[in-house]
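J.: Protein chains in written order, with our numbering: chain A, 4 to 423; chain B, 4 to 423.
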């Protein structure tokens with residue numbers, strides 16, 4: 004066990020030391036490693052078109068229209084099924100995507116760098132709420148917004164970022180936790196602090212006053228804007244703890260709407276999957292549980308990093324969005340200390356007298372205690388083209404962890420494995 | 004007792020129904036009722052120059068220089084002592100001022116209107132931290148900043164406000180309470196939300212890009228900017244409950260650095276005073292308790308309105324500024340339910356499962372229980388010209404409440420009073 008312990012300490016220390024900062028904004032094809040023109044990145048573990056859920060299919064239809072590869076949904080479904088488009092997980096390209104998490108070559112992405120370890124991560128820019136691509140909507144307003152984001156939002160923000168010092172995301176997240184966010188389903192403080200950091204530099208750009216104003220209004224109108232930065236920040240932190248020989252720390256938890264997948268530091272890039280679960284929570288008026296798709300998105304990277312539901316004690320007001328009582332939010336956080344390696348030095352929870360958030364999920368502790376990681380999340384409609392229908396709480400299937408443990412034993416203790 | 008009960012219900016209902024919104028910005032001489040050219044408004048109950056504390060004297064020196072009435076501090080002290088300048092409490096002019104709370108004729112002020120009852124309130128714009136007039140500093144940088152605020156900040160904000168719908172402060176404060184503020188000594192969320200509301204409208208003004216940028220940077224640099232709106236919002240709410248015959252609700256708690264004064268709804272504009280207490284808390288590096296001035300400022304209007312220390316359970320992170328443990332913040336709020344009439348419908352405390360903040364201090368309950376209202380506050384240096392030296396917690400002297408109770412009995416139950 005000594006090797007596992009020291010490997011996990013190494014993983015934990017790397018997570019603790021990581022310092023993700025915003026480097027800038029680039030086009031996916033130019034900056035995302037391995038990105039190709041005929042490739043679509045998506046949330047969760049690898050999946051083929053024929054097994055994809057409705058919202059992921061919807062987002063891919065929208066992405067193909069946005070990219071100009073097809074003219075309409077029928078043509079999109081045809082080419083998507085043809086094998087001419089490569090579908091690959093964001094996580095295999097150093098990135099993350101919320102909900103369907105779909106990204107194409109032309110899309111602008113945030114570039115985040117972990118200054119301590121030098122690795123980079125990527126994520127698209129958040130589109131807002133309602134009818135948006137990440138929830139599987141693909142109507143003209145969705146596509147028009149994506150074009151505006153490419154032509155105006157991203158260039159303005161890119162120039163604004165070039166006018167100032169790098170924005171430290173670990174610091175911004177730490178502050179947001181003091182202001183009622185858990186930076187997964189509540190990002191109001193993070194968005195506000197980012198807005199403050201960017202506003203005067205947006206004025207410094209050479210764009211028209213009208214474009215600058217539209218950019219400010221767009222960010223102001225969307226309290227989830229910061230999610231697409233808390234996610235790549237979490238990814239940049241955790242990527243530094245990937246692939247440490249002997250470590251049982253969970254470095255990825257992710258869902259594609261059909262499967263839930265995890266990856267373990269000491270088991271490199273192997274995925275361990277099980278069926279994505281149904282989310283229990285609050286549905287928007289007019290929708291029922293029948294409308295809901297199973298759990299989807301890479302946003303559980305926040306929980307993997309000790310944020311999201313792991314830091315829900317920081318965000319009692321979130322229960323108005325995901326259901327439950329404020330005291331539940333404290334209970335969720337308390338429970339997560341039982342399956343994690345330690346406590347964050349940077350992410351502190353005020354209501355727990357500034358105790359550090361539960362950090363670095365240990366596969367062994369999950370299997371020993373039977374306590375599954377807690378996740379809070381948005382709920383997408385199960386059919387393509389509709390969008391978000393609610394938000395709530397969910398867990399991974401235990402199967403992911405059982406399979407990962409078996410693989411770990413096989414890889415590291417072959418004698419013990421064969422003796423079983 | 005029936006008359007007191009019904010009068011207090013009336014006062015409570017008025018507080019509950021009040022809706023303070025930002026109307027705009029004006030010059031004190033033009034908009035503050037009764038303001039005169041040779042008048043200086045200050046925090047707390049009435050006080051003469053010879054009894055004023057160091058920080059109040061310092062702020063008055065600075066104000067006289069700013070106003071162009073004198074050239075230097077020596078001349079300022081001379082004219083201040085001469086009787087040629089009228090000193091009157093902000094509270095007797097429908098306004099409030101943080102710390103020394105000094106305002107002169109030329110100064111720009113926020114204009115807040117209670118849309119439900121039609122009354123207005125006023126407050127200067129917040130100067131920031133460090134060497135500032137409200138903490139008694141009066142060096143050239145302080146005066147220059149005040150001139151910039153008059154010539155650039157206020158006109159830009161005034162025009163920006165004219166470009167948009169009125170900003171509802173009750174709603175903004177309610178949101179800030181979900182984001183870790185108690186809007187007295189923690190205003191980071193309120194400032195952030197206000198910044199978001201104003202930014203795109205600042206772009207709409209006819210000022211130079213450089214002026215717009217400086218205004219955004221000024222607000223961004225000062226997490227207390229919203230204090231000078233939470234205070235007049237509280238004042239506009241409470242003023243609607245002033246002067247209700249038979250009511251024992253406290254409508255004012257206020258300090259001038261020498262005396263602590265309260266006013267009671269049923270006792271009209273009479274002040275009941277006692278000695279301002281020393282604040283217990285955290286002093287900035289390099290200062291000791293010897294440096295501290297007694298309690299000063301109108302900012303206890305927030306506590307009078309159920310905010311500030313009364314809502315500290317919303318703001319556990321504030322203990323890093325005022326001292327104590329996060330759990331203390333919950334205890335302060337819990338205790339205040341014992342001396343208040345009811346719970347706010349609008350101001351909800353997430354960690355108490357959205358219980359309304361303790362609202363409408365009842366003089367009778369304070370006297371019956373012996374529990375004094377809790378206040379958190381900044382600490383000014385006792386000498387003029389220095390500034391803030393810390394922050395902490397303080398109570399009013401019980402004498403104010405004892406005197407007020409005696410006056411109440413005298414006014415409303417003369418037989419009982421004479422029989423004593």
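Ideal Cβ positions, reconstructed from N, Cα and C, are used throughout, including at glycine.
How close, in whole Å, do the beta carbons of residue 203 of chain A and residue 219 of chain B come, if the pair is a contact with beta carbons under 8 angstroms?
T.: That pair is a contact at about 4 angstroms.
J.: Looking at C-beta atoms only, is the number of pairs between the stretch 54 to 61 of chain A and the stretch 30 to 42 of chain A that lie closer than 8 angstroms three or more?
T.: No, the stretch 54 to 61 of chain A is not in contact with the stretch 30 to 42 of chain A.
J.: I'd like to know if residue 320 of chain B contacts chain A, where contact means its C-beta is closer than 8 angstroms to some C-beta of that chain.
T.: Chain A contact via Cβ: present.
J.: Residue 187 of chain A by DSSP, collapsed to three states: which one?
T.: Here residue 187 of chain A sits in coil by DSSP.
J.: Please tell me whether residue 330 of chain A has its Cβ less than 8 angstroms away from any Cβ of chain B.
T.: Judged by the 8 angstroms Cβ criterion, residue 330 of chain A is in contact with chain B.
J.: Go to residue 124 of chain B, then tell me how far its beta strand (DSSP E) extends in each direction, as first and last residue.
T.: Note, residue 124 of chain B: beta strand (DSSP E), 123 to 127.
J.: At least one CB of chain A closer than 8 angstroms to the CB of residue 314 of chain B: is that the case?
T.: No, residue 314 of chain B lies away from the interface with chain A (no Cβ there is under 8 angstroms from its Cβ).
J.: Is it right to say residue 339 of chain B is buried, meaning 16 or more other beta carbons lie within 10 angstroms of its own, or is it exposed?
T.: Burial call: buried.
J.: Run through DSSP, which three-state label would residue 44 of chain A get?
T.: Of the three classes helix, strand and coil, the one that applies to residue 44 of chain A here is strand, per DSSP.
J.: Given that residue 356 of chain A touches chain B, what residues does it touch there, using C-beta distances under 7 angstroms?
T.: In chain order: 328, 329, 330.
J.: Using a beta-carbon distance cut-off of less than 7 angstroms, what residues from the stretch 115 to 135 of chain B approach chain A?
T.: Within the stretch 115 to 135 of chain B, no residue has a Cβ that lies closer than 7 angstroms to any Cβ of chain A.
J.: Which residues in chain B have a C-beta closer than 9 angstroms to the C-beta of residue 223 of chain A? List them in chain order.
T.: Under the 9 angstroms cutoff, chain B gives 199, 200, 202, 203.
J.: May I ask you to list the residues that DSSP assigns as paired with residue 394 of chain B?
T.: Residue 394 of chain B is bridged to B:285, B:381.
J.: Nearest to residue 400 of chain B by alpha carbon, out of B:282, B:246, B:230, B:241?
T.: Considering only alpha carbons, the answer is B:282.
J.: Would residue 234 of chain B and residue 101 of chain B be called neighbours here (beta carbons separated by less than 8 angstroms)?
T.: Yes, the Cβ-Cβ distance between residue 234 of chain B and residue 101 of chain B is below 8 angstroms.
J.: Short of 8 angstroms in beta carbon distance, which residues of its chain neighbour residue 438 of chain A, apart from the five on each side in sequence? Order them along the chain.
T.: The requested residue 438 of chain A is not part of the displayed model; chain A covers only 4 to 423.
J.: Helix, strand or coil: which one does DSSP assign to residue 256 of chain A?
T.: Strand.
J.: Rounded to whole angstroms, how far is the Cβ of residue 68 of chain A from the Cβ of residue 43 of chain A, which I believe are closer than 8 angstroms?
T.: Wrong, their Cβ atoms sit about 12 angstroms apart, outside the cutoff.
J.: Looking only at its own chain, which residues have a Cβ that is under 7 angstroms from the Cβ of residue 132 of chain B, when we skip the five neighbours before and after it?
T.: Around residue 132 of chain B: 225, 227, 391.
J.: Please classify residue 111 of chain B: is it buried, with 16 or more other beta-carbons within 10 angstroms of its beta-carbon, or exposed?
T.: It counts as buried.
J.: Using DSSP's beta-bridge definition, name the partner residues of residue 115 of chain A.
T.: Answer by DSSP bridge pairing, in chain order: A:25, A:124.
J.: Given a cut-off of 8 angstroms on the beta-carbon distance, is the pair residue 229 of chain A and residue 186 of chain A in contact?
T.: Result yes, Cβ atoms of residue 229 of chain A and residue 186 of chain A sit closer than 8 angstroms.
J.: Along the stretch 165 to 195 of chain B, what residues have a CB closer than 7 angstroms to any CB found in chain A?
T.: Under the 7 angstroms Cβ criterion, the stretch 165 to 195 of chain B contributes 181, 182, 183, 191, 192, 195.
J.: Got a sec: is the Cβ-Cβ distance from residue 215 of chain A to anything in chain B below 8 angstroms?
T.: By this cut-off, residue 215 of chain A is an interface position.
J.: So which residues of chain A does residue 348 of chain B contact, with C-beta pairs closer than 8 angstroms?
T.: Those do not exist, as residue 348 of chain B stays about 15 angstroms from chain A at its closest Cβ, beyond 8 angstroms.
J.: Residue 358 of chain A lies in the alpha helix (DSSP H); which residues open and close that run?
T.: Run containing residue 358 of chain A: none in the alpha helix (DSSP H); it sits in the beta strand (DSSP E), 358 to 364.
J.: Which residue's Cα is closest to the Cα of residue 328 of chain A: B:128, B:77, B:356?
T.: If we check each option's Cα against that of residue 328 of chain A, B:356 comes out closest.
J.: Report the three-state DSSP secondary structure of residue 266 of chain A (helix, strand or coil).
T.: Residue 266 of chain A falls in the strand class under three-state DSSP.
J.: Compute the minimum distance between the beta carbon of residue 105 of chain B and the heavy atoms of the ligand FMN, and state whether it is under 7 angstroms.
T.: Looking for the ligand FMN in the displayed structure turns up nothing, as the structure carries no ligands at all.
J.: Could you name the residues of chain B that residue 220 of chain A contacts, counting a contact when the two beta carbons are closer than 7 angstroms?
T.: Within chain B, the residues near residue 220 of chain A are 203.
J.: Determine contact between the stretch 21 to 36 of chain A and the stretch 356 to 372 of chain A, defined as no fewer than three beta-carbon pairs at a distance below 8 angstroms.
T.: No, they do not touch.
J.: Output, in chain order, the set of chain A residues within a Cβ distance shorter than 7 angstroms of residue 310 of chain B.
T.: What residue 310 of chain B touches in chain A: nothing, since even the nearest Cβ is about 16 angstroms away.
J.: Check the DSSP bridge columns for residue 30 of chain A and list the partner residues they point to.
T.: For residue 30 of chain A, which the question treats as bridged, DSSP gives the partners A:111.
J.: Measuring alpha carbon to alpha carbon, tell me which of A:126, A:367, A:210, A:416 ends up nearest residue 342 of chain A.
T.: Out of A:126, A:367, A:210, A:416, A:367 has the C-alpha closest to the C-alpha of residue 342 of chain A.
J.: Between residue 206 of chain B and chain A, is there a C-beta pair that is closer than 8 angstroms?
T.: Answer yes: the Cβ-Cβ gap between residue 206 of chain B and chain A drops below 8 angstroms somewhere.
J.: Unbroken beta strand (DSSP E) runs of length 3 or more, entirely within the stretch 326 to 362 of chain A: which are they?
T.: If we require 3 residues or more, the beta strand (DSSP E) runs fully inside the stretch 326 to 362 of chain A come out as 343 to 352.
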